[in-house]
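Residue numbers (our numbering), protein chains in the order written: chain D, 380 to 470; chain G, 224 to 615. The beta-carbon is built from N, C-alpha and C at its ideal position, and this holds for glycine as well. Okay, so here's the structure we're looking at.
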Amino acid sequence: MKKGWKELAIGTQIKKAGSSEDFKTGDWRTEKPVIDLDKCIHCLICWIYCPDSSIIVKEGKILGVNYDFCKGCGICAEECPKDAITMKSEI
Amino acid sequence: MNKKIVAKTGNEAMAEAMRQINPDVVAAYPITPATEVVQLFSKFVADGRVDTEFVAVESEHSALSACVGASAAGGRVMTSTASQGLALMHEILYIAAGLRLPIVICEVNRSLSGPINIHCDHSDTMGARDTGWLQIYSEDSQEAYDNTIQAMKIAEKAFLPAMVTCDAFIISHSMARLELIPDEEVQKFIGEHRRPYALLDVDNPITVGPLDLQDYFFEHKRQEIEAMKEVKASIIEVATEFEEKFGTHYGFFEEYRMDDADSVIIALGSTAGTTKVVVDNLREKGMKVGLLKIRVFRPLAYEEIRNALKNVKAVAVLDRATGMSSFGGPVFHEIRSCLYESEKKPFITNYIYGLGGKDIFPEDIENVYGELAGIIKEGKVEKLVNYIGLRE
């Protein structure tokens with residue numbers, strides 16, 4: 380539940396650091412990247428290029444995409460050297 | 224209290240108030256007729272009489288922008304401007320108010336170009352009436368001084384910016400008797416500046432001024448609306464404390480010989496002083512006339528004004544700005560709107576006067592009271608909008 384005007388800090392102040400985590404930007408997307416993990420060589424190029432830090436990596440391995448924050452820009456699909464990422468329409 | 228009595232112009236009076244407030248930061252750009260305020264204050268800085276960081280900038284847009292930064296950092300911040308300067312600050316006025324930064328501007332009311340003119344009217348601050356700033360108008364140098372000191376305290380209580388105004392040249396450059404409060408008493412009155420959150424508070428990091436889209440913008444504006452309502456209590460609280468300590472009474476407006484008045488003029492600024500003389504003269508002739516001088520225009524004390532006018536038969540609102548609405552000036556519109564819920568609505572008429580510094584004389588004001596008496600007698604308002612001192 381989002382805060383009403385009576386509960387919000389005045390003057391648009393945000394009183395905690397790193398609060399952009401609370402602002403889900405995934406709904407801006409019209410296309411989503413889908414990674415074919417059979418083709419993926421875990422080179423991490425998509426992870427480096429992603430402007431929203433939305434490529435999920437654990438211990439050097441690509442696991443998938445964080446769709447809460449991925450805005451669907453398609454840079455990962457463009458840069459993937461193995462064409463392992465395809466953009467799928469969400470409309 | 225040992226008040227010092229001196230002779231000062233309106234500009235000097237406001238500069239003195241700024242010196243005694245001793246703000247952390249003043250960022251300013253000089254403009255006629257407020258140049259002197261900044262000039263005098265920069266001398267206080269150069270002479271080491273204040274602890275202020277003075278930021279000389281290249282425009283008023285930059286001046287208020289620097290003030291916004293300094294205030295967001297947690298400082299006590301002031302500036303001064305007039306006319307085109309306030310117009311150039313316009314976009315930043317909204318930002319200061321929206322970010323709830325208690326900055327105080329000493330503003331000298333001057334007409335806006337074009338045609339180019341440097342003399343008094345209220346079109347500059349009337350153009351800023353919707354920005355979310357408190358507006359306090361002053362009848363004379365003493366009020367400009369007292370209002371500046373009070374404005375700092377009100378602004379910091381309410382987290383709202385405030386502009387204190389005085390009329391160009393008529394007040395800003397005219398020397399008058401001024402009672403100065405001792406420096407240490409001003410400091411005691413305004414108190415230590417405390418901000419719950421500030422950018423320079425590195426232990427408690429905050430974000431100031433983030434993008435605020437459809438989801439939250441309206442909610443933040445609603446907070447500002449509420450703050451403008453709630454600040455009314457702070458204005459009275461501060462005025463009461465000021466009266467207790469320094470002996471002068473202030474409110475949202477001043478009622479001058481209003482007790483049994485049939486005809487009332489509503490005015491802001493120096494014209495209120497001229498009107499008082501006329502009221503005294505006409506009272507001696509047995510006319511039941513009075514004056515309601517608006518001091519605080521933002522927020523407008525609409526219920527209190529309606530109540531003050533409840534037994535009045537005819538009201539003339541004097542506007543020193545046009546509003547270009549085709550049916551009268553900004554003060555007229557708001558007063559007329561205040562009266563909509565009145566049980567006995569008085570007749571109301573508007574007089575536009577003094578644009579570009581055109582003088583208004585006691586006989587002009589006498590005429591207005593004469594016309595109000597005529598309206599009461601005839602039982603109708605013939606002309607909604609009238610012009611004083613204008614060649615046809």
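query                                                                                                                                                                                 : result
Evaluate the contact criterion for the region 336 to 356 of chain G versus the region 529 to 541 of chain G: three or more CB pairs, one atom per stretch, below 8 Å.                 : no
Listed in chain order, which residues of the region 557 to 586 of chain G have Cβ atoms closer than 7 Å to some Cβ of chain D?                                                        : none
Near A367/G, what residues of its chain come up, given a Cβ to Cβ distance below 6 Å and the 5 sequence neighbours on each side ignored?                                              : G233, A236, M237, S361 and C389
Have a look at D406/D, K450/D and C422/D and flag the residue whose alpha-carbon is nearest the alpha-carbon of E438/D.                                                               : C422/D
Just to make sure I have the definition right: I need the residues of chain G whose C-beta is within less than 7 Å of the C-beta of T404/D. Which are they?                           : Result: empty, since nearest Cβ-Cβ is about 11 Å, beyond 7 Å.
Once you ignore the five residues that flank M398/G on each side, which residues in its own chain have a CB closer than 6 Å to its CB?                                                : A230 and T232
Among V604/G, I611/G, L607/G and E507/G, which has the Cα closest to the Cα of E586/G?                                                                                                : I611/G
Counting only beta-carbon atoms, is R614/G nearer than 9 Å to chain D?                                                                                                                : no
Using the Cβ count rule (16 or more neighbours within 10 Å means buried), how would you classify H345/G?                                                                              : buried
Apply the 10 Å Cβ neighbour rule to Q437/G and answer buried if 16 or more other Cβ atoms are within range, or exposed otherwise.                                                     : exposed
Within 10 Å of its beta-carbon, does P485/D have 16 or more other beta-carbons around it, so buried, or fewer, so exposed?                                                            : An answer regarding residue 485/D cannot be provided, because it is not within the stretch 380 to 470 covered by chain D.
Taking 9 Å as the CB-CB cut-off, is G443/D touching chain G?                                                                                                                          : no
Please go through the region 444 to 513 of chain G and give each complete beta strand (DSSP E) segment of 3 or more residues, from N-terminal end onward.                             : 476 to 479 and 486 to 490
Counting pairs of Cβ atoms below 8 Å between the region 319 to 338 of chain G and the region 276 to 285 of chain G, do you hit three or more?                                         : no
Since G577/G contacts T494/G with CB under 8 Å, what's their CB separation in whole angstroms?                                                                                        : 7 Å
I'd like to know whether the C-beta atoms of F441/G and K455/G end up nearer to each other than 9 Å.                                                                                  : no
Does the separation of the CB atoms of I517/G and V554/G fall below 9 Å?                                                                                                              : yes
Across the region 453 to 469 of chain D and the region 367 to 378 of chain G, are there enough close Cβ pairs to call them in contact, namely three or more that are closer than 8 Å? : no
Counting only C-beta atoms, is K450/D closer than 9 Å to chain G at any point?                                                                                                        : no
Apart from the five residues on each side of it in sequence, which residues of its chain come closer than 8 Å, Cβ to Cβ, to I413/G?                                                   : I244, I372, M375, K376 and E379
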